[in-house]
Amino acid sequence: MTALLKSYEEEYHEITKRISDELSALQAALQRGSAEYTVPPASGPASRQQRCTNLFNLILQIKDLILNMSYECSDLPMVLQTTYKERIEQFKGDTRNLERSIAAVKVEASAADRQDLLCGSKDGIDLDTGSGLAVDNRNGVSLEMQKYRVQMIDNTQKYGEASKTLLQAERLLNDTEISGNEALTNLRTQSETIRQIHETVFDVDEEISKSRKILKKMQLMMIKHKLILIGIISILLFLIIVAIYVEVSKNRRNRMPEPSIEPPSSTIPISSVGN
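Residue numbers for the sequence shown follow this note's numbering, so the first one is 70 and each next one is one higher.
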């Protein structure tokens, strides 16, 4: 288990303990028949409705923690993921049970607040038949005024629920705005990346064109060099052939016999002597 998961789990257990303790205190505050029962404030941080609202806010914190646990669990090894996912499912079930308990206590607290406003903490309401108005023995508040106060509390509760709904809507709107900004940022980044790729493609295309021109020049140069080399080889072959021919001709001349020249005869022909 990572240190972050461990911290999430410790925070989860701490918040659930706070919720359980507060639920026990609220349930004790609903026991109107107890000798130690006192009427709590109808509004403000110490009111039962506000305490229930605080509990619902803690439930939201728990849900965020469970969501973070789920994200962090994906980084665990496969051997540990199954075990920890089962633990997360157990946390979700416990959270749902706590949420249902808070909702039930909130309904009971709302009914108890109405009962406290109408009847007081322990004293009943006596009817003054002479005036035709129901009067509280403790503070002399008329029944109509108490009904008005009950109506005001109902309106306050509705306003609180509406405010909570608006806060949730605002949170959702903020999350949507954040997601939209992230999407726009990603789109800008992708557009910039595509533009850079486009420029790179153009640069590569230009380099390829230059390379083709260079290769074409090299090819022409190679052809030229080949032709020159072929010419040089042809001339050398011709000269070699001529040299061989001349050498062969010389050898033939040297091998031919020279004609013999007879010396003039000293004898005189007979015919010339007779004459």
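Ideal placement from N, C-alpha and C gives every residue a C-beta, glycine not left out. In this text the structure is predicted, and so the values were computed from the model without any measurement.
Asked                                                                                                                                                                                       : Found
Leaving out the 5 sequence neighbours to the left and right, which residues in its chain are closer than 8 Å to Leu92 when beta-carbon positions are compared?                              : Leu124, Leu167, Ser170, Ile171, Val174
Identify, in the order they occur along the chain, each residue of the same chain with its Cβ nearer than 7 Å to the Cβ of Ser139, setting aside the five sequence neighbours on each side. : Ile157
Which of helix, strand or coil does DSSP assign to Gln259?                                                                                                                                  : helix
Using a 10 Å radius around the Cβ and a threshold of 16 neighbouring Cβ atoms, would you call Ile88 buried or exposed?                                                                      : buried
Helix, strand or coil, according to DSSP, for Gln100 in the structure here?                                                                                                                 : coil
State the Cα-Cα distance for the pair Tyr228 and Ile222, rounded to the nearest angstrom.                                                                                                   : 10 Å
Should Thr122 be labelled buried (16 or more other beta-carbon atoms within 10 Å of its own) or exposed?                                                                                    : buried
Is the beta carbon of Asn126 sitting closer than 8 Å to the one on Tyr77?                                                                                                                   : no
Are the CB atoms of Leu145 and Glu80 nearer to each other than 8 Å?                                                                                                                         : no
Taking its Cβ as the centre, do 16 or more other Cβ atoms sit within 10 Å of Asn206, making it buried, or is it exposed?                                                                    : Because Asn206 sits at a pLDDT of 43, beneath the cut-off of 50, its placement in the model cannot be relied upon, and the following sentence gives the value as read from the coordinates. Burial call: exposed.
Here's the rule I'm using: 16 or more other beta-carbon atoms within 10 Å means buried, otherwise exposed. How should Thr262 be labelled?                                                   : exposed
Report the three-state DSSP secondary structure of Met253 (helix, strand or coil).                                                                                                          : Note that residue 253 is Leu in the sequence shown, not Met. Helix at Leu253.
Between which residues of its own chain and Asn208 is the CB-CB distance below 7 Å, once the five residues before and five after are set aside?                                             : Here Asn208 scores only 43 on pLDDT, less than 50, and its place in the model should not be relied on; the value that follows carries that caveat. Closer than 7 Å at the Cβ level, and outside the excluded window around Asn208, lies no residue.
Roughly how many whole angstroms lie between the Cα atoms of Asp192 and Arg165?                                                                                                             : Summary for Asp192: the model assigns pLDDT 45, below 50, so the residue's position carries little reliability, and this model does not support an answer.
Would you give the residue range spanned by the alpha helix (DSSP H) that Ser139 belongs to?                                                                                                : 117-142
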